[in-house]
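Student: Okay, so the sequence shown: first residue is 42 according to this note's numbering, each after it adds one.
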Amino acid sequence: MKIRKLSWFVSTVIGLAVTAYASLLSGASAEMKPWQLGVPDPVSPVAVRIHEFHDYLLWLITAITIFVLALLVYVCFRFKASRNPNPSKTTHNTTIEVLWTVVPVLILVVVAVPSFKTLYYGDRAVDPDMTIKVTANQWYWTYEYPDQGITFDSYMVPEKEIDPKTQTYLLSVDNPLVVPVGKKVQVLVTSNDVMHSFYVPQAVVQIYGIAGRTNETWMQIDKEGIVYGQCNQVCGINHSAMPIAVKALPAEKYEAWLTEAKKKFASAAPKVQVASSNISN
Numbered sequence: 042m043k044i045r046k047l048s049w050f051v052s053t054v055i056g057l058a059v060t061a062y063a064s065l066l067s068g069a070s071a072e073m074k075p076w077q078l079g080v081p082d083p084v085s086p087v088a089v090r091i092h093e094f095h096d097y098l099l100w101l102i103t104a105i106t107i108f109v110l111a112l113l114v115y116v117c118f119r120f121k122a123s124r125n126p127n128p129s130k131t132t133h134n135t136t137i138e139v140l141w142t143v144v145p146v147l148i149l150v151v152v153a154v155p156s157f158k159t160l161y162y163g164d165r166a167v168d169p170d171m172t173i174k175v176t177a178n179q180w181y182w183t184y185e186y187p188d189q190g191i192t193f194d195s196y197m198v199p200e201k202e203i204d205p206k207t208q209t210y211l212l213s214v215d216n217p218l219v220v221p222v223g224k225k226v227q228v229l230v231t232s233n234d235v236m237h238s239f240y241v242p243q244a245v246v247q248i249y250g251i252a253g254r255t256n257e258t259w260m261q262i263d264k265e266g267i268v269y270g271q272c273n274q275v276c277g278i279n280h281s282a283m284p285i286a287v288k289a290l291p292a293e294k295y296e297a298w299l300t301e302a303k304k305k306f307a308s309a310a311p312k313v314q315v316a317s318s319n320i321s322n
């Protein structure tokens, strides 16, 4: 009876693991779906590396779990009371103690090396193609393209104005952040008031916006379309009304948008008056 219960437990654990992995694979879709499981479809080089590292860790922890479970089953069966009326009185075993110290350290090293490589890869942009400054406000975003002289605000589309066929409530915005497909974009993030966070999960971008400080990250969207994010730092009563929409366009469409945006959002540079050098007595 005990063996039967143990077999049922083992099969249940394995079944749950297989189901979880299947859910993970099914969740890898760029299209959002209700009750979707798993990680979102990666759209950037950093996201691809993060997903690869995630899968690597999944296999590693699965192997460790199976090994520990098998060891536990063996010990429960091999050293049960009915088979060992006179239990061992061993107090220590040098070989085993060395193994259970060295092996976990090696596992941590195997995890740490790719982890740090991925961490530093996503830290800062190397030779970016363009720069975008993101300023967080209560409760909207301001996007500035310094090289193009464009600045505009991005607000969430109110529920009453949502088109259910093309827009998603709490995610769609009036003016999305537009970037060219396949270009490395340096993103500078700051805040005009309280602490915010610029978070786009499909691109694996998450960085805080802090007043008086400019933080740096980068993203490169390799697929045409719109990816969504949110401010994920509680910033006040309308915290949920700060969605982020990043629209990636091919080069031709991006240039067309840029031309139109320069007319619509062109920064009005203030006129600078130079003081006269003529001094009258």
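In this text, a Cβ means the ideal position worked out from N, Cα and C, and glycines have one as well.
Tell me which residues share the same chain as ALA310 and place their Cβ nearer than 8 Å to its Cβ, disregarding the 5 neighbours each side in the sequence.
Tutor: Reliability fails at ALA310, whose pLDDT of 45 lies under 50, so the model's placement of it is uncertain and no value is given.
Student: Name the residue from VAL150, TRP298, LYS206, ALA166 whose alpha carbon lies nearest to the alpha carbon of LEU3.
Tutor: No information on residue 3 is available, as it lies outside the stretch 42 to 322 that the chain covers here.
Student: Just list the beta strand (DSSP E) runs in the stretch 160-202, keeping only unbroken ones of 3 residues or longer that don't cross its boundaries, in chain order.
Tutor: Runs of the beta strand (DSSP E) inside the stretch 160-202: 171-178, 181-186, 191-195.
Student: Specify the secondary structure class of ILE91 as computed by DSSP and reduced to three states.
Tutor: Reduced to three states, the DSSP call for ILE91 is helix.
Student: Looking at MET171 and VAL226, is the spacing between their C-beta atoms short of 7 Å?
Tutor: Yes, the Cβ-Cβ distance between VAL226 and MET171 is below 7 Å.
Student: Rounded to whole angstroms, how far is the Cβ of VAL228 from the Cβ of VAL246, which I believe are closer than 8 Å?
Tutor: The Cβ separation is near 7 Å, so the contact holds.
Student: Give me the Cα-Cα distance between THR136 and ALA104, rounded to the nearest whole angstrom.
Tutor: THR136 and ALA104: Cα-Cα distance of roughly 22 Å.
Student: What is the DSSP secondary structure of SER318, counted as helix, strand or coil?
Tutor: With a pLDDT of only 46 at SER318, under 50, the local geometry of the prediction cannot be trusted, and no value is derived from it.
Student: Taking its Cβ as the centre, do 16 or more other Cβ atoms sit within 10 Å of THR176, making it buried, or is it exposed?
Tutor: So THR176 ends up on the buried side.
Student: Quick check: what's the CA-CA separation for LYS305 versus SER281?
Tutor: Cα to Cα, the separation comes out at about 27 Å.
Student: Helix or strand or just coil, what does DSSP make of THR209?
Tutor: Of the three classes helix, strand and coil, the one that applies to THR209 here is coil, per DSSP.
Student: Could you check whether HIS237 and GLY253 sit closer than 7 Å to each other, using their CB atoms as the reference points?
Tutor: Contact flag unset, no.
Student: According to DSSP, simplified to helix, strand and coil, what is CYS117?
Tutor: Note: CYS117 maps to helix in three-state DSSP.
Student: Pick from VAL214, SER85, ARG119: whose alpha carbon is nearest that of TRP180?
Tutor: When only C-alpha atoms are compared, the closest one is VAL214.
Student: Which residues does DSSP pair with PRO221 in a beta bridge?
Tutor: Partner(s): LEU290.
Student: Is it true that the CB of ILE173 sits closer than 7 Å to the CB of TYR162?
Tutor: No, they are not a contact pair.
Student: Pick from LEU110, PHE157, ILE248, PRO221: whose alpha carbon is nearest that of GLU293?
Tutor: When only C-alpha atoms are compared, the closest one is PRO221.
Student: With H, G and I counted as helix, E and B as strand and the rest as coil, what does DSSP make of HIS133?
Tutor: Coil at HIS133, not helix or strand.
Student: Name the one or two DSSP bridge partners that CYS272 has.
Tutor: CYS272 pairs with PHE239.
Student: Take VAL87 and list the residues in its own chain whose beta-carbon comes closer than 6 Å to its own, dropping the five residues that flank it on each side.
Tutor: The residues are GLY163, VAL245.
Student: Thinking C-alpha only, which one of SER129, VAL241, CYS272 is nearest TRP259?
Tutor: Of SER129, VAL241, CYS272, the residue nearest in Cα terms is VAL241.
Student: Please confirm whether VAL84 and LYS264 have their CB atoms less than 7 Å apart.
Tutor: Yes, they are a contact pair.
Student: If you draw a straight line from the alpha carbon of LEU66 to that of ASP82, how long is it in whole angstroms?
Tutor: Summary for LEU66: the model assigns pLDDT 42, below 50, so the residue's position carries little reliability; its value from the coordinates is reported in the next sentence. Taking the straight line from one Cα to the other gives about 10 Å.
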